[in-house]
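Engineer:
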Amino acid sequence: MIIPKDKYYTLEEYYQLEYQFEELRIEYLNGNIRSMARGTIQHAMISGNIFVALSNKLKNTQCQPFNSDAHLAIDELKCILHPDVFVVCNGIEISDFDKHGIKNASVVIEVLSEGTELYDRTEKFQKYKKLTSFKEYILIHQKQICIETFVRHSEKLWEINSSRDIEESLYIATLDLNIPINDIYTGLAFDSD
Numbered sequence: 175m176i177i178p179k180d181k182y183y184t185l186e187e188y189y190q191l192e193y194q195f196e197e198l199r200i201e202y203l204n205g206n207i208r209s210m211a212r213g214t215i216q217h218a219m220i221s222g223n224i225f226v227a228l229s230n231k232l233k234n235t236q237c238q239p240f241n242s243d244a245h246l247a248i249d250e251l252k253c254i255l256h257p258d259v260f261v262v263c264n265g266i267e268i269s270d271f272d273k274h275g276i277k278n279a280s281v282v283i284e285v286l287s288e289g290t291e292l293y294d295r296t297e298k299f300q301k302y303k304k305l306t307s308f309k310e311y312i313l314i315h316q317k318q319i320c321i322e323t324f325v326r327h328s329e330k331l332w333e334i335n336s337s338r339d340i341e342e343s344l345y346i347a348t349l350d351l352n353i354p355i356n357d358i359y360t361g362l363a364f365d366s367d
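Per the numbering used here, the sequence shown runs over residues 175 to 367.
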């Protein structure tokens with residue numbers, strides 16, 4: 175199903191489209207929409223693995239992970255995004271403009287695909303930066319072992335790290351926890367070049 179993009183959508187029309195076309199993830203930006211097809215098997219495995227790892231590590235803490243079913247709302251932009259995984263700490267704050275949206279993500283995780291990598295690295299990252307709660311952005315490659323982290327130290331200063339070793343751990347500074355990279359890529363095989 176192709177959804178017309180050259181039309182202004184109200185928030186109510188967006189909600190209707192979102193529930194009508196469950197096979198698509200639909201993002202909303204101030205009346206415009208962007209439809210994104212569901213990911214690959216590898217994408218689903220990595221997203222599931224990182225979500226489960228975070229759920230286990232964050233039990234009995236003030237932080238809660240969410241998967242891409244949840245709305246992440248950016249009130250300033252009147253924008254609704256669906257990150258692969260995001261984490262909220264110290265209680266959920268509901269969006270002022272999106273009754274289904276959470277507006278206080280601390281950590282956002284995207285599993286990169288060929289069709290979304292440029293968008294995730296540029297436009298989407300810029301949108302996330304509008305959230306005052308946003309402290310860390312993690313990009314996970316699905317076709318190779320590579321995880322990039324961007325940690326906010328100030329409005330304009332981000333520390334960038336990358337991990338390519340299956341034996342290392344992903345350190346999530348904002349949450350002060352480690353997740354073995356092997357756990358994130360469990361069930362996937364890569365060509366050794």
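Glycine included, C-beta positions come from ideal geometry on N, C-alpha and C.
#1: Any chance you could list the beta strand (DSSP E) runs of at least 3 consecutive residues sitting entirely within the region 307–352, in chain order?
#2: For Asp270, does the count of other Cβ atoms within 10 angstroms reach 16, so buried, or fall short, so exposed?
#3: Ordered along the chain, which non-local residues of its own chain (more than five positions away) have a Cβ less than 7 Å from that of Phe225?
#4: Beta carbon of Ser343, beta carbon of Ile353: below 8 Å?
#5: Would Ser405 and Ala279 be called neighbours here (beta carbons separated by less than 8 Å)?
#6: Give me the Cβ distance between Asp339 and Leu313, rounded to the nearest whole Å; I'm assuming they're in contact under 8 Å.
#7: Give me, in chain order, the residues of the same chain whose beta-carbon lies closer than 7 Å to that of Met219; leave out the 5 immediate sequence neighbours on both sides.
#8: Please confirm if the region 291–305 is in contact with the region 243–253, defined as three or more CB-CB distances below 8 Å between the two stretches.
#9: Is it right to say Ile276 is buried, meaning 16 or more other beta carbons lie within 10 angstroms of its own, or is it exposed?
#10: Can you give me the start and stop residues for the beta strand (DSSP E) that His217 sits inside?
#11: For Tyr182 versus Tyr202, is the C-beta spacing smaller than 8 Å?
#12: So Ile284 is in the beta strand (DSSP E); what residue range does that whole segment cover?
#13: Would you kindly work out how many angstroms separate the C-alpha atoms of Val281 and Asp180, rounded to a whole number?
#14: From which residue to which residue does the alpha helix (DSSP H) around Asn356 run?
Structural biologist: This is what the structure holds:
#1: 310–315, 321–326, 332–337 and 343–346
#2: One-based indexing of the sequence shown puts residue 270 at position 96. Burial call: exposed.
#3: Taking the first residue of the sequence shown as 1, we reach residue 225 at position 51. Hits under 7 Å: Pro239, Asn241 and Val259.
#4: Translated into positions along the sequence shown, residue 343 becomes position 169. Translated into positions along the sequence shown, residue 353 becomes position 179. In contact: Ser343 and Ile353 (Cβ atoms closer than 8 Å).
#5: Nothing about residue 405 can be read from this structure; the chain reaches only from 175 to 367.
#6: One-based indexing of the sequence shown puts residue 339 at position 165. One-based indexing of the sequence shown puts residue 313 at position 139. The pair is not a contact, with the Cβ atoms about 16 Å apart (cut-off 8 Å).
#7: Along the sequence shown, read from residue 1 onward, the residue named residue 219 stands at position 45. For Met219, where only same-chain residues beyond five positions count, the Cβ hits under 7 Å are Gly361 and Leu362.
#8: yes
#9: If you number the sequence shown from 1, residue 276 lands on position 102. It counts as buried.
#10: Against the sequence shown, residue 217 aligns to sequence position 43. Taken as a continuous stretch (DSSP letters only), His217 belongs to no beta strand (DSSP E), being part of the alpha helix (DSSP H) at Ile215 to Lys231.
#11: Translated into the one-based positions of the sequence shown, residue 182 becomes position 8. Translated into the one-based positions of the sequence shown, residue 202 becomes position 28. Their beta carbons are not under 8 Å apart, which means Tyr182 does not touch Tyr202 by this criterion.
#12: As a working mapping, residue 284 is identified with position 110 in the sequence shown. The residue you asked about is not Ile; residue 284 is Glu in the sequence shown. Unbroken beta strand (DSSP E) run through Glu284: Ala279 to Leu286.
#13: Indexing the sequence shown from 1 puts residue 281 at position 107. Indexing the sequence shown from 1 puts residue 180 at position 6. Each residue's Cα considered, the two are about 32 Å apart.
#14: Here residue 356 refers to the residue found at position 182 of the sequence shown. Note, Asn356: alpha helix (DSSP H), Ile355 to Ile358.
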